[in-house]
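Encoded as structure tokens, the structure appears first; notes follow it.
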């Protein structure tokens, strides 16, 4: 396997009975890349992510994540990836600190490591005043930022972000993407789905899924040229209407 | 292991920070046991009755004295005419009227026979029955004293002895039942709700993506409830020991072990419920309708199984609570050991294995 590619997918397919949710998708993601994974609701994004994160078995095809096979090395994959979704950020009835401790714990960090990481996070995100507050009292943007950092606690090679900025204000979204950039520069691969087309422009490369198939995959710039569009929004609409 | 402990710690945070679940966990058992013990009872005490005495002689006076001396009845009213019986009942206070016929003493001595009519308010059939039984036994008692002076050959005097619960305290019947309900409710409902909650919030996904093994996630959610249910069992037994003076004849250790077995049975049911329900509300409805009602109605807790129609008797066999109640009664009231209840224990054990296998299967299907 090429050391540069942290995700290699070939002909990956998932069927639910007669319905093909993900239809022979093929793509590669390089180390440190920000890979945008776009598609309308129901296009098969979530199913694809579930297969790549090792919680759902593919029907056929090949896929390697962080160098491990999704069919029989799911446990190894799980140790090397981070995951965050819009639907869930943090446990509301736990304090910020407790959340960090808990997630550090289930990813197997030692007590000393957790303590160190917690301090680090608190300084970095300026959390001193809210560290002992229940997560429910924080605004969504804060929760998402902390949640992203929590997903990175165990220094995963790849982090999967499933619509991480849903419902967040533009300023916080901007800050969130700065965090993404910073981590990508440090070598973490970012695999991100989003509904915001302006965010798609921030990605190194973008794939667009329609009805279970990847219909386009390239840098935002070249996609715009290819579809003769002014922005990613137009690219997306043109593809989705076909 | 360290991961696992962290997980359990988080689970306790959830439980102790949620006032509602804390209330269900600890408020309800105490409230229920006290309610069943004090308020909902089959015993009668100081029931108001009225007397209609047509003869007013020595014998009737003796009987009336005997009745009013008992703690079960208090004589509220003396009536003079038959027409006054009904108004007395209608006022609602009087639950029974004793109607002595004319020339009671005379007839008794002359014919060896005299009549008392016992009229009871049967709007509550249970109470009516109990009143009539108690009155009968007081009358019989009097008759025996009366007959002492007269020699009658060949007399059959039945002597009834109530064993295991000689004072017929109804709390003895309720404690095993309430304990069963509470353990079932806490274990099955609370776990199914807490697992579906993670599904609803989307945290289940996060947990499944983490290196924590899926079955450890489930075990981790269940372990705190084993502890809490055990504490509940102890609270209930302590309450019945010290508040209601209900003895535990058998071994406390066996009682504890059987309780743990039943807790695990209920937990596995809870896991099963959580695999088939998507939301907390569904989980709660299934737990309440699917578990609570059968436990209350068909387990023998309130209605004796032997007097149910055949089909219901058959159905009652698949209710784990039925077997646990038998076990509890046997240990607490009869003081028997494992040799007498191994069959029931084995049945519970088998059910537990069945539920666990079934939910593991369902869980895997869902993950696909």
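Residue numbers (the numbering used here), protein chains in the order written: chain A, 1 to 242; chain B, 1001 to 1368.
Don't be surprised by glycine CBs; every beta carbon is placed ideally from N, CA and C.
The beta-bridge partner set that DSSP reports for residue 1099(B) consists of 1052(B) and 1117(B). The DSSP-derived three-state label of residue 215(A) is strand. The Cβ atoms of residue 1270(B) and residue 1189(B) lie closer than 8 Å to each other. With respect to residue 8(A), residue 204(A) sits apart: the two C-beta atoms are not nearer than 8 Å. Contact check for residue 1213(B) against residue 105(A) fails: the beta carbons are separated by 8 Å or more. No residue range can be given for residue 169(A), since it is assigned to no beta strand (DSSP E) and is classified by DSSP as neither H nor E. For residue 19(A), none of the residues of chain B pass the 7 Å Cβ criterion, the least Cβ distance being about 14 Å. In this model, residue 189(A) and residue 31(A) are separated by some 5 Å (Cα to Cα). Taking 8 Å as the threshold, the shortest C-beta distance from residue 93(A) to chain B falls below it. When C-alpha distances from residue 93(A) are compared across 1098(B), 1036(B), 1013(B) and 1138(B), the shortest belongs to 1013(B). Taking a beta-carbon distance threshold of 8 Å, residue 1011(B) does not count as an interface residue toward chain A. The beta-carbon separation of residue 143(A) and residue 90(A), rounded to 5 Å, stays under the 8 Å limit for a contact. At the C-beta level, residue 1226(B) and residue 1267(B) come within 8 Å of one another.
Judged by pairs of C-beta atoms under 8 Å, the stretch 1018-1033 of chain B touches the stretch 1233-1251 of chain B, as three or more such pairs exist.
Rounded to the nearest angstrom, the Cβ distance from residue 1301(B) to residue 1177(B) is 3 Å, consistent with a contact under 8 Å.
In this structure residue 133(A) is exposed. Its beta-carbon is surrounded by fewer than 16 other beta-carbon atoms within 10 angstroms. Within the stretch 1242-1288 of chain B, complete alpha helix (DSSP H) segments of at least 4 residues are found at 1252-1276 and 1280-1285, given in chain order. The C-beta of residue 105(A) comes closer than 8 Å to at least one C-beta of chain B. For the C-beta of residue 53(A), the chain B residues within less than 7 Å are, from N- to C-terminus, 1209.
As for any beta strand (DSSP E) of minimum length 3 sitting wholly inside the stretch 71-129 of chain A, the runs are 81-85, ordered along the chain.
Each of 1147(B), 1145(B) and 1183(B) was checked against the Cα of residue 1291(B), and the nearest Cα belongs to 1183(B).
If you draw a 10 Å sphere on the C-beta of residue 169(A), you find fewer than 16 other C-beta atoms in it, and that means exposed. Residue 1203(B) reaches chain A at 88 and 91, counting residues in chain order whose Cβ is nearer than 8 Å. Boundaries of the beta strand (DSSP E) harbouring residue 158(A): 158-162, taken from the DSSP string. Close to residue 1003(B), with beta-carbon spacing below 9 Å, are these residues of chain A in chain order: 105, 106, 107 and 108. Residue 12(A) has 25(A) as its beta-bridge partners, per DSSP.
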